[in-house]
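Inspection log for the structure reproduced underneath, given as structure tokens.
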Amino acid sequence: MLSLLTVAWAQQVHSAAALPQPHCASPRPPVARIPARPDGPAPAVLEDRDAYGASQVHLTDHFALRWGDDLDADTASIEALGADFERAWNAQVETLGWRQPPGSDAWRVNVYVADTGPGLPSIPFSGGFVDIDGEGFPYVAVSPDLVTDHGTPEGADNAAWVAAHEFNHTLQVHDDGFTAGRYGAWFHEASANWAVPFTLDRDGEPDWGVYLLNPQVALDMAAWDGPREEEGRQYDAAAFLYAVSDARGPGVMRDAWMDAHRDDDALVVLDALTDGGLRDLFVAFARTHALGDHRLAELYEEGIRYWGQGEPDHRITAVVEPTRGLEDPPTDLLPDAWAWNHLQLDVTEGGVLVADLDAEPEGSLGSPSNLVPKLVVERAGGVLEDHGLGEDVAVEPGDRVHLLVISVPETARAGERFGYRYALELDGDGRGCTVGRGPGWPGLGALLGRR
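Everything in the sequence shown is counted per my numbering, starting at 196 for the first residue and increasing by one.
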């Protein structure tokens with residue numbers, strides 16, 4: 196089971212005071228040991244049970260908020276936190292149709308305010324987690340500041356976020372699903388983050404924009420320690436799940452969890468549930484999000500400004516010159532599976548451009564490669580024109596050429612990268628900047644400003 200300290204990275208990296216972000220360190224859920232509900236219909240009023248001996252309790256329709264005598268709890272704040280969890284239940288169970296938490300047809304779900312009395316769960320950070328108690332039921336633990344700070348707008352938003360995210364974890368423990376993927380249980384955190392805006396009735400979350408800073412990192416990466424560009428990917432990957440639910444409806448996420456098993460690969464399950472296949476959706480996601488050509492672009496740019504300052508910025512893999520034949524991209528930034536590279540050419544002299552891609556047949560660990568190129572010319576005013584490889588493309592000074600190389604193999608192994616060579620041949624002398632991001636990249640904000 197993962198340590199409760201697994202997302203301490205969040206306290207360091209996402210530290211902007213202007214947009215405080217709660218975080219989750221839910222342990223990877225074990226096989227749920229849920230006692231069967233007694234025979235007969237579910238009771239009209241749920242019973243409550245306390246696994247840790249809390250001295251205080253506040254009951255709602257579906258939850259029992261419990262704390263100890265070390266917390267001088269304000270009644271209004273406790274009631275407001277209970278309302279946050281009821282809102283999560285209403286949005287995710289009643290509206291989105293997820294299966295309710297195991298055991299909750301007979302007993303209220305326990306929510307413990309951690310570190311407020313002897314024997315209660317402990318939490319070393321601000322936020323919450325979900326685990327299974329000694330009697331085999333899921334419970335939520337939250338940090339005391341979710342109560343003490345609830346009277347402020349910032350604290351109230353923090354508590355609502357945590358309630359929405361953590362409640363979704365209680366819906367995931369039925370069958371120990373999706374715990375044996377390439378990088379572990381990334382889908383647990385991505386799904387819980389995905390549920391937040393649906394619960395709070397808002398369109399996306401700004402911190403998901405951090406996903407775009409390192410598009411060469413796998414969508415299904417789960418890393419709590421390690422290289423900075425990989426840490427926290429499992430949270431920001433909700434950006435893609437949100438795009439999937441935009442295209443195919445929010446029921447796709449619910450259905451993915453309905454019959455989830457330990458050895459299931461979430462990407463395979465989602466692919467079977469999406470008309471036209473998940474790879475086409477990911478290619479479209481890469482194209483629109485790499486170029487800021489989607490409705491949440493400004494929101495994500497806001498998140499990058501606040502939370503992305505400590506992250507490596509590889510939105511542009513390289514700013515390149517016109518080639519003479521095939522050339523290599525930066526080898527240390529080759530894409531993983533379900534990832535992409537973004538090569539940019541700034542045109543200084545008009546001519547005819549022809550692009551090509553020569554993909555390695557296999558990844559670095561032997562998996563068959565599947566690289567999908569997208570060639571887009573950006574013109575004055577932010578107009579984007581899509582073109583095919585091998586096509587003669589007339590370009591003018593001031594144009595910006597984007598070559599996206601999107602990796603969507605059928606199978607891949609952890610840590611596998613997919614190589615290629617590329618050509619961007621221009622019949623004039625219209626050479627652009629030197630290889631590397633360099634000062635020529637204006638940032639997504641400037642790109643949006645030209646639209």
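Ideal Cβ positions, reconstructed from N, Cα and C, are used throughout, including at glycine.
For residue i, the three-state DSSP class (helix, strand or coil)
i: residue 526; result: helix
i: residue 323; result: strand
i: residue 280; result: helix
i: residue 393; result: helix
i: residue 258; result: strand
i: residue 541; result: strand
i: residue 521; result: coil
i: residue 293; result: coil
i: residue 309; result: coil
i: residue 626; result: A caution first: residue 626 carries a pLDDT of 41, below 50, which makes its placement in the model unreliable, though a value can still be read off. It is coil, neither helix nor strand.
i: residue 619; result: strand
i: residue 230; result: In this prediction, residue 230 has a pLDDT of 37, which is less than 50 and means its spatial position is unreliable; what the coordinates show is noted afterwards. Note: residue 230 maps to coil in three-state DSSP.
i: residue 535; result: strand
i: residue 591; result: coil
i: residue 426; result: coil
i: residue 653; result: Lying before the first or after the last residue shown, residue 653 is absent from the chain, which here runs from 196 to 646.
i: residue 586; result: coil
i: residue 419; result: coil
i: residue 605; result: coil
i: residue 274; result: helix
i: residue 496; result: helix
Nearest candidate by alpha-carbon position, reference residue i, set the options
i: residue 621; options: 494, 508, 467, 519; result: 519
i: residue 514; options: 619, 609, 346, 285; result: 619
i: residue 594; options: 549, 362, 542, 506; result: 542
i: residue 426; options: 488, 467, 506; result: 506
i: residue 583; options: 590, 262, 571; result: 571
i: residue 389; options: 379, 361, 374; result: 361
i: residue 369; options: 402, 525, 333, 280; result: 333
i: residue 482; options: 606, 277, 579, 262; result: 579
i: residue 457; options: 256, 383, 243, 356; result: 383
i: residue 592; options: 608, 607, 422, 574; result: 574
i: residue 294; options: 446, 412, 406; result: 446
i: residue 576; options: 497, 488, 516, 585; result: 488
i: residue 608; options: 242, 588, 558, 590; result: 558
i: residue 310; options: 270, 248, 300, 258; result: 248
i: residue 323; options: 499, 331, 306; result: 306
i: residue 450; options: 288, 412, 405; result: 288
i: residue 300; options: 328, 350, 284, 315; result: 284
Short Cβ contact (8 Å threshold) for residue i with residue j
i: residue 530; j: residue 613; result: yes
i: residue 308; j: residue 266; result: yes
i: residue 304; j: residue 365; result: yes
i: residue 604; j: residue 563; result: yes
i: residue 538; j: residue 617; result: yes
i: residue 279; j: residue 336; result: no
i: residue 340; j: residue 317; result: no
i: residue 455; j: residue 372; result: yes
i: residue 448; j: residue 429; result: no
i: residue 433; j: residue 452; result: no
i: residue 476; j: residue 439; result: yes
i: residue 601; j: residue 478; result: yes
i: residue 394; j: residue 418; result: no
i: residue 409; j: residue 484; result: no
i: residue 491; j: residue 399; result: yes
i: residue 502; j: residue 599; result: no
i: residue 414; j: residue 302; result: no
i: residue 521; j: residue 596; result: no
i: residue 376; j: residue 461; result: yes
i: residue 615; j: residue 552; result: yes
i: residue 277; j: residue 291; result: no
i: residue 473; j: residue 486; result: no
i: residue 338; j: residue 363; result: no
Extent of the continuous alpha helix (DSSP H) to which residue i belongs
i: residue 439; result: 433-443
i: residue 447; result: 446-453
Residue interval of the beta strand (DSSP E) (run including residue i)
i: residue 553; result: 546-554
i: residue 573; result: 566-574
i: residue 581; result: 578-582
i: residue 601; result: 595-602
i: residue 288; result: Note, residue 288: premise wrong, no beta strand (DSSP E); not H, not E.
i: residue 513; result: 513-515
Heavy atom of the ligand NAP within 7 Å of residue i beta-carbon
i: residue 374; result: Ligands in the displayed structure: none, and consequently the ligand NAP is not present.
Practice task
Go through the segment 322-353 residue by residue and report every complete run of the beta strand (DSSP E) that reaches 3 residues or more, in order.
Solution key: 322-327, 333-337
Problem - Runs of alpha helix (DSSP H) wholly within the segment 455-492 (minimum 4 residues, chain order) - result: 461-468, 473-485
Problem - alpha helix (DSSP H) runs wholly inside the segment 361-416, at least 4 long, in chain order - result: 381-395
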